[in-house]
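S.K.: In the working numbering, the protein residues as written are 2 to 129. In this text, a Cβ means the ideal position worked out from N, Cα and C, and glycines have one as well. Structure in structure tokens, see below.
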């Protein structure tokens with residue numbers, strides 16, 4: 002979705018739309034985007050989206066996968082029925098709470114994203 006080195010933001014909404022027209026599921030890696038730019042899953046139209054908490058100051062080792070309603074994933078680890086039957090094993094509740102709080106706090110940093118986008122565009126234009 003976004004490149005953390007040069008700030009490139011991919012046209013996820015358009016790519017998702019093309020995939021949907023062709024009947025192809027679309028997953029986007031939003032690890033570098035969450036907490037830095039607005040990420041609206043409904044607006045993007047993605048089928049799946051993954052994030053990693055440590056990129057926006059949540060505990061290391063916690064992430065999340067959004068899966069659009071109606072998509073059935075096959076479990077990789079069989080056993081218990083945790084995480085809607087997708088993955089067996091006890092959830093790390095403190096890390097989950099930390100992820101939620103970090104996501105809440107990350108919304109405050111989004112105020113800077115427009116200013117940073119202008120600076121990135123100036124830098125990119127100057128390099129060309």
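Taking 8 Å as the CB-CB limit, is residue 51 close to chain D?
M.R.: Among the protein chains of the structure shown there is no chain D, as only one such chain exists.
S.K.: Just tell me which of 72, 38, 89 has its CA closest to the CA of residue 57.
M.R.: By one-based count along the chain shown, residue 57 stands at place 56. The shortest C-alpha separation from residue 57 is found at 38.
S.K.: Residues in its own chain within less than 6 Å of residue 100 by CB, not counting five upstream and five downstream?
M.R.: As a position in the chain shown, residue 100 is number 99, starting the count at 1. Excluding positions up to five away in sequence, the list reads 54, 59, 63.
S.K.: DSSP three-state call for residue 55: helix, strand or coil?
M.R.: Along the chain shown, read from residue 1 onward, the residue named residue 55 stands at position 54. Residue 55 falls in the helix class under three-state DSSP.
S.K.: Tell me the residue span of the beta strand (DSSP E) that contains residue 64.
M.R.: Residue 64 sits at position 63 when you count from the first residue of the chain shown. Run containing residue 64: 64-68, per the beta strand (DSSP E) assignment.
S.K.: On a Cα-Cα basis, can you pick out the residue from 27, 36, 34, 122 that is closest to residue 46?
M.R.: The sequence position of residue 46 within the chain shown is 45, counting from 1. Taking only the C-alpha atoms, the option nearest residue 46 is 27.
S.K.: Let me make sure I understand the geometry here. Which of 76, 96, 104, 98 has the alpha-carbon closest to that of residue 88?
M.R.: Here residue 88 refers to the residue found at position 87 of the chain shown. Among 76, 96, 104, 98, the Cα nearest to that of residue 88 is on 76.
S.K.: Using a 10 Å radius around the Cβ and a threshold of 16 neighbouring Cβ atoms, would you call residue 85 buried or exposed?
M.R.: For this step, residue 85 is matched to residue 84 along the chain shown. By the neighbour-count rule (16 or more Cβ atoms within 10 Å), residue 85 is not buried but exposed.
S.K.: With distances taken Cα to Cα, identify the nearest neighbour of residue 94 among 51, 117, 113, 65.
M.R.: In the chain shown, residue 94 corresponds to position 93, counting from 1. Per the Cα distances, 65.
S.K.: Measuring alpha carbon to alpha carbon, tell me which of 92, 61, 44 ends up nearest residue 32.
M.R.: Translated into positions along the chain shown, residue 32 becomes position 31. Nearest option by C-alpha distance: 61.
S.K.: Got a sec? Which residues, its chain only, sit under 8 Å from residue 74 by beta carbon, not counting five neighbours each side?
M.R.: By one-based count along the chain shown, residue 74 stands at place 73. Only 68, 87 meet the Cβ criterion.
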